[in-house]
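Numbering follows full-length UniProt numbering, with no gaps: position 454 of the sequence shown is 454.
Note that the Cβ used here is the ideal one computed from N, Cα and C, for glycine as well.
Structure first, commentary second.
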Amino acid sequence: MGRFSRHEFGESIKILDSTLREGEQTPGVIFSEEWRIKIAKSLSDVGVHLIEVGDPNVAPDVRSAISKIIALKRDGEIKSEIVVHSRSVKSDIENATSLEPDRVAIFYGVSDIHLKHKHRKTREEALAIIAEHVEFARGAGVKVRFTAEDATRADLDYLIQVVKTARDAGADRVSIADTVGILTPDRARQLFSKLKEAVPGVGLDIHAHNDLGMAVANSMAATEGGADVVHTTVNGLGERAGITPLQVFVAAYYYHKGVKLIDMAKLPYLASLVEAASGIAQMPTFPITGDNVFTHKAGVHQAGVLANPETYEPFPPEVVGRSRDFSLDKYSGRRAVAHRLERLGVKVDEETLAKVVEELKSTNARRLRDEDLLEILEKVTGVRYKAYVNKHIEAFIWIKVDENVYTTSVARRVSTISGVVNVGEVTGDFDIVARVVASNAEELNRIIEDIRSVRGVKSTLTNIVLKQLGSLQAPSAP
C-alpha cells in the first residue's frame, strides 16, 4: 500500500491521546468538566488505547472531571487505559494516585539546559530524584510512566542512564519527549533503536512536538526504531505548535502499514467535537479532517478523479468518514460540471454543457453552490426549475447568547459543529443564526444539543425548512 514493508512496523502500536492534558495547554483553551467527559467518552469510542486525562493538581475542577472519568472507566463506559499526569513532587503524586487511575505519568527535564536553568540540579542529582519519585509512585500500586522531558536535546549516554534509572525504579514505560520539536525522522529512528537496544525491558513512548512541522514523520520513524506508544492530540492541539495530530498519524500509519489503529470513520465527528470544545477551528487544508481535503478544484484534477479516484487521493475518503466533492468555479472543467448536474438529477447535452462552463468561467465567485450552478443553467437555457421538497432536513437555528459572553466566540464555536453549514451574527431578538443540514431527525437533535452545549448559549429556536427552490427535479418548460 505504501513505500514501507510490513516488517518495518510493529503490530502492537498503541495510541495515547493527550487532548485533555497537552491539548488544554493550547493558549486560550480551557475544557469544562462536561466537555472533558464528552471528549474522553469519544476517544474511548473511537478505540484510543490510552487517554491522558490531565493533572489533578492543576485545579479542583480538573480533579473533579478526572475523578468522574475514572469512575466511568470502572463502570465500563470507557474502555481506554486512564493515565493521570503529575510533576515529580510527592504531594502531587499522592493526589494523583489517590484517584486510583490505571497509570500515573510523572515527568522531569533531563537535558542539560533544563537541569541548569529550570531544575538547578546536576545530572547525578536528577537521576536520584527520578528514582525516588518513580519508586514513590509505584508504591501506590499503580503503573508508572516516566516522561523524560526535553529528552531529544539530552546527551545520549546520559539519556540511556535516565531510562535505565526509571526502569529499575519501577516504571514499565518511559516517554521520550521531543519537547521543542527538533527531531528529524532519521534521528528519531536511530534514537529509539539505540534506546531499545541499550535498555531492554521497558516500553518506549514518543511524544513529538510540531514546532518544525515534523511531528507526524518523527512519530512514524520512532515506531520504526522501537517506540510502541505514540502520543497524539485531536487536531494537533498543544503547547506552541502542538503535537502529533491523532487523525493525521493514524491515517499515515494506515496508508503505509495497512492497519487501522482506531475506528477512523469516526474521526470527523471527533475533530468537530474538539473544535467546539476548544474554540479552535481547523484550517480547511488540515490533513484528513479539514474541509478541503477530499475536495478537488482544478479541472485536470477533477477529470482524473472522476476517471479513477486514485489519481489524486491516497485512499477513499470513506475510510476516514469523509466524502468526495468538487469545488466549482472558473477552474472547473466539463466533466466536473456534468457530474455535479447529474448528481442534482439534471442531464444536459454537450452544447448546453459547453455554454454552462463558459458562463461559469466568466464568474469571479470563489466557490459556486448548487443553487448558483442552477442559476447559470437557467440563464443559458431559459428553463426554470421546479421547487422540491427536501430529502434531507435543513433548518435555521436562532441562538440567544448570555449577556456577559462575547458573541463572536460563541459563533466561532458553533461554526465548528458537524452539520452546521454557515453561521451569522444578527440583530433582533437573537444574536446568532446557524443554517444546519441533517440526514434525519435524530441527527438534527444531535446538532441542536451540540449547539446548546456551547458555553454562552442561553437559548435556541429552530425553524425547519419545508420547501425551497432547488435542483433535484428535472426542468420543465416555461
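DSSP places Asn218 in the helix class (H, G or I) of the three-state scheme.
In this model, Lys41 and Lys79 are separated by some 9 Å (Cα to Cα).
The Cβ neighbour count for Glu149, taken over all protein chains shown within 10 Å, is at least 16; the residue is labelled buried. When the alpha-carbon of Val58 is set against those of Val46, Ile30, Asp75 and Ile82, the nearest one is in Ile30.
The alpha-carbon separation between Gln25 and Ala198 amounts to approximately 33 Å.
Classified as exposed, Asn440 has fewer than 16 neighbouring CB atoms from the shown chains inside 10 Å of its CB. The C-alpha of Leu360 lies about 45 Å from the C-alpha of Glu403. Between the alpha carbons of Ala271 and Ile288 lies a gap of roughly 10 Å.
DSSP links Lys361 through a beta bridge to no other residue. For Arg452, the CB contacts under 8 Å within the same chain, skipping 5 residues up- and downstream, are Thr460 in chain order.
Remark: C-beta atoms of Val234 and Thr223 do not approach each other more closely than 8 Å. Under the three-state reduction of DSSP, Pro317 is assigned to helix. Within the segment 274 to 301, no beta strand (DSSP E) run of at least 3 residues lies entirely inside it. Nearest to Ile464 by alpha-carbon distance, out of Thr407, Val414, Ala395 and Asn95, is Ala395. Between the segment 51 to 66 and the segment 107 to 115 there are fewer than three C-beta pairs closer than 8 Å, too few to call the two in contact.
Ranked by Cα distance from Gly54, the first of Ser18, Trp35 and Leu273 is Ser18. In this structure, Gly181 lies away from Asp205, with their beta-carbon atoms at least 8 Å apart. With a threshold of 16 other beta carbon atoms within 10 Å, Met264 meets it and is buried.
About 11 Å separates the beta carbons of Thr184 and Ala208, which is beyond the 8 Å limit, so they are not a contact pair. Assignment of alpha helix (DSSP H) within the segment 433 to 472, counting only whole runs of 4 or more residues, yields 441 to 452 in chain order.
Taking a C-beta distance under 8 Å as the contact criterion, Gln302 and Ala277 do not qualify as a contact pair. When the beta-carbon positions are compared, Ala188 and Ala166 stay at least 8 Å from each other.
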